[in-house]
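**Student:**
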Amino acid sequence: MNEQLPQFIHHGVDRLRSVGGIAAIALGGSRARGNHTLKSDVDLGLYPS
Numbered sequence: 035m036n037e038q039l040p041q042f043i044h045h046g047v048d049r050l051r052s053v054g055g056i057a058a059i060a061l062g063g064s065r066a067r068g069n070h071t072l073k074s075d076v077d078l079g080l081y082p083s
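First residue of the sequence shown? That's 35 in the working numbering, and the numbers climb one at a time after it.
1. I think SER81 touches ILE56, with their Cβ atoms under 8 angstroms apart; what is that distance to the nearest whole Å?
2. Rounded to the nearest angstrom, what separates SER52 and LEU61 at their Cα positions?
3. Does DSSP put ASP48 in a helix, in a strand, or in coil?
4. With DSSP collapsed to three states, give me the class of GLY63.
5. Tell me whether ARG49 is buried or exposed, calling it buried when 16 or more other Cβ atoms sit within 10 Å of its Cβ.
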């Protein structure tokens, strides 16, 4: 996982991994493009296994 991402994203992804049934988690939107602002949301794509 990218070390430049805020800790809350790392924490959220770790929690999602523990749920099970998820094959992949993808970051999208402005955070993935690197042009986010302080008001940007977090777009995650969840791919079931």
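Heads up, the beta-carbon is just placed ideally off N, CA and C, and yes, glycines get one too.
**Tutor:** Answer, in terms of the structure:
1. Position 47 of the sequence shown, counted from the start, is the residue given in the question as residue 81. Position 22 of the sequence shown, counted from the start, is the residue given in the question as residue 56. According to the sequence shown, residue 81 is Tyr rather than Ser. At roughly 7 angstroms, the Cβ-Cβ gap stays under 8 angstroms, so TYR81 and ILE56 are in contact.
2. The residue labelled residue 52 in the question sits at position 18 within the sequence shown. The residue labelled residue 61 in the question sits at position 27 within the sequence shown. SER52 and LEU61 have their C-alpha atoms some 17 angstroms from each other.
3. Counting from 1 along the sequence shown, the entry for residue 48 is found at position 14. In the structure shown, ASP48 sits in a helix (DSSP, three-state: H, G or I).
4. Residue numbering aside, residue 63 sits at position 29 when the sequence shown is read from its first letter. Three-state result, GLY63: helix.
5. Position 15 of the sequence shown, counting from 1, holds the residue named residue 49. Flag for ARG49 reads exposed.
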